[in-house]
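Heads up: the sequence lines are chains A and B, in that order.
Position one of the first sequence corresponds to residue 1 (our numbering), numbered consecutively onward.
Position one of the second sequence corresponds to residue 1 (our numbering), numbered consecutively onward.
Reviewing the structure listed below.
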Amino acid sequence: MQLINKDLVGLEGVSAEEIAHILDSAKSMKDYLQQGVKKMPQLQNKSIVTLFYENSTRTKMSFDLAGKYLGASMSAIAASSSSIQKGETLLDTGRTLEARGIDIIIMRHPMSGAPEFLGRNISARVINAGDGMHEHPTQALLDMYTMQEKLGRLAGLKVAIIGDILHSRVARSNLHGLKTMGADVTLCGPGTLMPVEIEKTGVKVTYDIREAVKDADVVMGLRLQLERQKSGLLPSLREYNELFGVNSEVLKLAKPHALIMHPGPVNRGVEMDTDIIDHDRSVITEQVTNGVAVRMALLYIMTRKKEDIV
Amino acid sequence: MILIKSGKIADAEKTYTADILIENGKIKQIGENLSAKGAEEIDAEGLTIIPGMIDMHCHLREPGQEYKEDILSGSKAAVKGGFTSIVCMPNTDPVIDNAGLIAYVQERAKKVGLCKIYPTGAITTGLGGTQLTEMGELKAAGAVAFTDDGKPVSSGKMMRNALNYAKCLDALLILHEEDLDLRADGVMNEGYYSSMLGLRGINRAAEESMIARDIALAESLKCRIHIAHVSTRGGFDMIKKAKARGVSVTCETMPHYFSADDSWVVGYDSNTKVNPPLRTKDDVAAAIEAIKDGTVDAIATDHAPHHVDEKDVEYDIALFGISGFESALSLMVTHLLPAGVSLNKIAELTSKNPAKILRIPGGSIAEGEPADLTIFDENEKYVFTKADMVSRGKNSPFIGRELVGKAKYTVVDGVIKYKES
Numbered sequence: 001m002q003l004i005n006k007d008l009v010g011l012e013g014v015s016a017e018e019i020a021h022i023l024d025s026a027k028s029m030k031d032y033l034q035q036g037v038k039k040m041p042q043l044q045n046k047s048i049v050t051l052f053y054e055n056s057t058r059t060k061m062s063f064d065l066a067g068k069y070l071g072a073s074m075s076a077i078a079a080s081s082s083s084i085q086k087g088e089t090l091l092d093t094g095r096t097l098e099a100r101g102i103d104i105i106i107m108r109h110p111m112s113g114a115p116e117f118l119g120r121n122i123s124a125r126v127i128n129a130g131d132g133m134h135e136h137p138t139q140a141l142l143d144m145y146t147m148q149e150k151l152g153r154l155a156g157l158k159v160a161i162i163g164d165i166l167h168s169r170v171a172r173s174n175l176h177g178l179k180t181m182g183a184d185v186t187l188c189g190p191g192t193l194m195p196v197e198i199e200k201t202g203v204k205v206t207y208d209i210r211e212a213v214k215d216a217d218v219v220m221g222l223r224l225q226l227e228r229q230k231s232g233l234l235p236s237l238r239e240y241n242e243l244f245g246v247n248s249e250v251l252k253l254a255k256p257h258a259l260i261m262h263p264g265p266v267n268r269g270v271e272m273d274t275d276i277i278d279h280d281r282s283v284i285t286e287q288v289t290n291g292v293a294v295r296m297a298l299l300y301i302m303t304r305k306k307e308d309i310v
Numbered sequence: 001m002i003l004i005k006s007g008k009i010a011d012a013e014k015t016y017t018a019d020i021l022i023e024n025g026k027i028k029q030i031g032e033n034l035s036a037k038g039a040e041e042i043d044a045e046g047l048t049i050i051p052g053m054i055d056m057h058c059h060l061r062e063p064g065q066e067y068k069e070d071i072l073s074g075s076k077a078a079v080k081g082g083f084t085s086i087v088c089m090p091n092t093d094p095v096i097d098n099a100g101l102i103a104y105v106q107e108r109a110k111k112v113g114l115c116k117i118y119p120t121g122a123i124t125t126g127l128g129g130t131q132l133t134e135m136g137e138l139k140a141a142g143a144v145a146f147t148d149d150g151k152p153v154s155s156g157k158m159m160r161n162a163l164n165y166a167k168c169l170d171a172l173l174i175l176h177e178e179d180l181d182l183r184a185d186g187v188m189n190e191g192y193y194s195s196m197l198g199l200r201g202i203n204r205a206a207e208e209s210m211i212a213r214d215i216a217l218a219e220s221l222k223c224r225i226h227i228a229h230v231s232t233r234g235g236f237d238m239i240k241k242a243k244a245r246g247v248s249v250t251c252e253t254m255p256h257y258f259s260a261d262d263s264w265v266v267g268y269d270s271n272t273k274v275n276p277p278l279r280t281k282d283d284v285a286a287a288i289e290a291i292k293d294g295t296v297d298a299i300a301t302d303h304a305p306h307h308v309d310e311k312d313v314e315y316d317i318a319l320f321g322i323s324g325f326e327s328a329l330s331l332m333v334t335h336l337l338p339a340g341v342s343l344n345k346i347a348e349l350t351s352k353n354p355a356k357i358l359r360i361p362g363g364s365i366a367e368g369e370p371a372d373l374t375i376f377d378e379n380e381k382y383v384f385t386k387a388d389m390v391s392r393g394k395n396s397p398f399i400g401r402e403l404v405g406k407a408k409y410t411v412v413d414g415v416i417k418y419k420e421s
C-alpha cells in the first residue's frame, strides 16, 4: 500500500487505512529490531537527507537510525550549514538537494507550512519532522503505535493531552491522527495556550486538569517552553504546575491502566512531576524506541514504487 | 472623435442603452442612433459601460521599489483592469511626505499618460508617527488625501493632532486601522484555520479597536475621516452606527474581502497573505451586506504588488499584499452581481463615491463631462491566470480561479488607453 500524498506534511487528511498500514509495518520493524537485526537492505539504493532548520537531537537521531538500519545513504544538513547561513532560500536549498537525486527530504523548520511549501515545489518526497506550530506527524504515529501496543486498540480510547497546546505540533498531529482512528481526545491547558476554535475539530477542551484526566486511558503531557512565562502567557511556572502539572493526585483520576506519555524532553516539576515521569505506567522511554520502528516503516513505505509492492 | 455604439450604460442612478459620442476628451452627446463622420467606432453591443472606475487605494511602489512595480507598469495594469483614475499611497521609499515628491509622481504619471494618478501624502513624516507633514503645502501641490497607510497612526494623541490639523485645511485623512501591539507577529486571521495551520493569528480586535478609537475622535472633534480596507463584521457595524449618528465617516473595502476567506490559507499559498488578513465566511457575508446597505462607500483594490522572491518563501516571512488591479472588476461581477448588488451600485462604489470623497473629477456619464469610461463584458467567463496580469507583481490568490466579467476598453479623457487584444 502506498500513501496517497507525495509528502507527509501532517496527519490531517491522512486516512485510517494509511495510518493502520504504517502502524502494522512498524510492528514488523520493531520485531526485526528486537531480534537484533540492525542492517537491512530495503533502502540500499535510496538517498535520504535530513534538513533541520531547528535543533533536534531525538527526532533527527531517530530518523538517522531508521534510515541506516534499512541501508539508506543518509546525509544531514543543519541550519548552521554554510549555504543556509549565507541566506539561501528554502526553495533554492530544496532544488539543490533535488538536483543531487535525493529520494526523501526529512525536514524540520521553525515556520508552519515550510515542508508543504517545499514539497509542492520539488519532486523529492518530503517528510515533515516538525514545522512551527503546525504538525509533527511521525511523533504522533509513534505515540499512537505505543498506545496501540500497550492498550491493544486506538478506537474508543480516551486520551487527555495537557499543556501548551497552542504552540504544540505534537498536539495537533495527535489530535488529527487519534480522531481519525476513533479515539476521544480532550485538550487541557491554560487559556493563553489554547488555540482558538480548536473544539471545531471534534475534540473536547477543558481548563480543568481533573476533568481532562478523569477516566483517561492515556495522559499525555507536553513540553512547556520556559520562555512562555517571559512573553506574558503565564504568571509563573509555580502556578502552571499547580493548575496544569500532572502529579500523582491527578493521576488517580485516570483509569488504573492509564499510560503516561510525553514527547520529551521533559521539564521535571513543571508539566510533570518526577514520580510521574518515572512511574511504572510511564512509557516515555518506550516512545523513543518505537520512534525508530515507526520511522523505519514510514521510510520503507515512502520509498516503494508501485510495482515493488507485492 | 469616438463613437461608442449600443452599449448598456450604467451609472450610479440608472441603466439604459445608448450611443456615446466623444469629442475633445469629453462626452459630447448621449443618444440613440448617433452617427459622426470620421469617428472611430466601438461596437459596444452586449457590453456594459460604467463611469471610469476610480481606485482610491493602491500602491505603485515608485519611487524606490521599482523592482516591485513602477508608475508605468502599475498604470498598464490599472487600465487593463478598467481603472481610469487611481490614488496611490505614500509609503514609497522615500515616503511621499513633501511637495517635491507629489510633483515627482504627477510628472511621471503625465509622462506615462495612461490613467489619471492622484497622489496622497503621508500624515506623519517618514510614516514615523511622531511629526505631522506639511499638509498645507502637500495639499496645494496636489495631494488628494493624507494617510500613513501600511502603518497605523498608533498614538492617539498624534491622531487627534492630525485630525485637528487636517480639519483646518479641509483635508481628508485615510486611516489604516491596526493596533500593532495586538497584531504582534500574526500572519493571518485568528480563527479555526490559524489554529489548524499553526500560523499565528491576527485577532479582529487589532483592526476594530482602532476603528472605534478613530470614530470616537472624529465624532468628538467633528472631523471627516475615511477608514481604509475594512475587513470585519464588527468594523462595518461600527461604521454603520457612526454614520447613523451623523459622524462624518466613509469607508472602503476590497474585492478580496468579499471574495475570499481564511480557509484559502490552507495549503500555505502566500498570495493569500494580506493585511488586514482574509477573514471568515461570516465577514465575507458582512462585507456584501455592508456594500448593499450603504455602509461601504467605495470599493478599492489595495493593489500591493510584490516581487516573486518576496512571496515564494515560507508563509511567515512572505510579505503582506495582493496585486489587485486586473482582478478587481471581475471579482465584483463574479461575487456582487449574483448577490443582488446592482450595476448602479457598483458604479457608485467604484466611481461616483470615490470622486465625491476625494473631490476629484469623474463619477458620471453625462454630456459635457470628461470621457472616462470603463467598458466591459459582464458575461464573459474566463480562468484568471498570470498572463492576465501586466503588473510586475503576480501575487494574486485568484490565479487559476474562474471569474466572470472582463474589461474590454478603458477610455481616459476620450482616448482608448486599453483595448483587449
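No residue lacks a Cβ here, since even glycine has one placed at the ideal position from N, Cα and C.
Cβ shell of residue i (< 8 Å), same chain only, five flanking positions each side left out
i: A/MET144; result: ILE19, LEU23, LEU154, ASN174, GLY177, LEU178, MET181
i: A/ILE309; result: Caution applies to A/ILE309, whose pLDDT of 47 falls short of 50 and renders its modelled position unreliable; the value that the coordinates give is listed next. Correct list, in chain order: MET1, GLN2.
i: A/LYS39; result: TYR69, GLY71
Buried/exposed call for residue i, threshold 16 Cβ in 10 Å
i: A/GLN4; result: For the record, residue 4 of chain A in the displayed sequence is Ile; it is not Gln. The residue is exposed, with fewer than 16 neighbouring Cβ atoms inside 10 Å.
i: B/LYS59; result: According to the sequence shown, residue 59 of chain B is His rather than Lys. By the 10 Å Cβ count, B/HIS59 comes out buried.
i: B/LYS14; result: exposed
i: A/SER82; result: exposed
i: A/GLU211; result: exposed
i: B/LYS345; result: buried
i: B/THR232; result: buried
i: A/GLY13; result: exposed
i: B/ALA12; result: buried
i: A/ALA258; result: buried
i: B/GLU41; result: exposed
i: B/VAL230; result: buried
Spatial neighbours of residue i in its chain, beta-carbon cut-off 6 Å, leaving aside the 5 residues before and after
i: B/MET53; result: GLY82, PHE83, THR350, SER351, THR374
i: B/GLU380; result: LYS406
i: B/TYR418; result: VAL79, LYS80, THR410
i: A/LEU11; result: PRO137, ALA140, SER173, HIS176, GLY177
i: A/SER73; result: SER47
i: B/MET1; result: GLU23, ALA36, ALA39
i: A/ALA216; result: LYS158, ALA160, ALA254, ALA258
Proximal residues of chain B, C-beta to C-beta of residue i below 8 Å
i: A/GLU197; result: GLY191, TYR192, SER195
Residue i: contacting residues in chain B (beta-carbon distance under 9 Å)
i: A/ARG172; result: SER195, MET196, GLY198
i: A/GLU12; result: MET196
Contact set between residue i and chain B, taken where Cβ atoms lie within less than 7 Å
i: A/LYS200; result: TYR192
i: A/GLU54; result: Result: empty, since nearest Cβ-Cβ is about 13 Å, beyond 7 Å.
Test: residue i CB closer than 9 Å to a CB of chain C
i: A/ALA124; result: Absent from the structure is chain C; the protein chains it does hold are A and B.
Under 9 Å from the C-beta of residue i: neighbouring residues of chain A
i: B/GLY201; result: PRO195, VAL196
i: B/TYR67; result: The premise fails here: B/TYR67 is roughly 16 Å from chain A at the closest Cβ pair, so nothing lies under 9 Å.
7 Å CB neighbourhood of residue i in its chain, flanking five on each side removed
i: A/GLU98; result: ILE122, SER123, ALA124
i: A/GLN148; result: LEU23, LEU154
i: B/LYS116; result: THR84, SER85, VAL412
Closer than 7 Å at the beta carbon, the chain A residues around residue i
i: B/TYR268; result: GLY113, GLU116, PHE117
At least three beta-carbon pairs within less than 8 Å, the region 187-207 of chain B to the region 278-294 of chain B: In the pairwise beta carbon analysis, the region 187-207 of chain B is classified as touching the region 278-294 of chain B: at least three pairs are separated by under 8 Å.
Near-chain B residues of the region 130-149 of chain A - C-beta to any C-beta below 8 Å: ASP131, GLY132, MET133, HIS134, GLU135
Touch test, the region 208-226 of chain A against the region 262-280 of chain A, Cβ-Cβ under 8 Å, three pairs minimum: yes
Chain A contacts from the region 315-326 of chain B (Cβ-Cβ distance under 8 Å): TYR315, ASP316, ILE317
Touch test, the region 192-200 of chain B against the region 193-203 of chain A, Cβ-Cβ under 8 Å, three pairs minimum: yes
Three-pair Cβ contact test at 8 Å for the region 72-82 of chain B versus the region 8-26 of chain B: no
Chain A contacts from the region 287-314 of chain B (Cβ-Cβ distance under 8 Å): ASP309, ASP312, VAL313, GLU314
Validate contact between the region 258-270 of chain B and the region 310-319 of chain B using beta carbons, cut 8 Å, 3 pairs: The region 258-270 of chain B makes contact with the region 310-319 of chain B: 3 or more CB pairs, one atom from each, lie closer than 8 Å.
Three CB pairs or more closer than 8 Å across the region 95-111 of chain B and the region 129-145 of chain B: yes
Interface residues of the region 61-92 of chain A facing chain B [CB-CB below 9 Å]: The residues in question are THR89, LEU90, LEU91.
Residues, ordered as in the chain, of the region 203-228 of chain A that lie near chain B by beta-carbon distance below 7 Å: none
Where the region 159-191 of chain A meets chain B: residues whose CB sits under 7 Å from a CB there: ARG169, ARG172
Meets three-Cβ-pair contact criterion under 8 Å: the region 240-248 of chain A and the region 283-291 of chain A: Counting Cβ pairs under 8 Å, fewer than three are found: no touch.
The region 89-108 of chain A contacting the region 56-70 of chain A, beta-carbon criterion three pairs below 8 Å: yes
The region 326-338 of chain B / the region 390-402 of chain B touching (three or more Cβ pairs under 8 Å): yes
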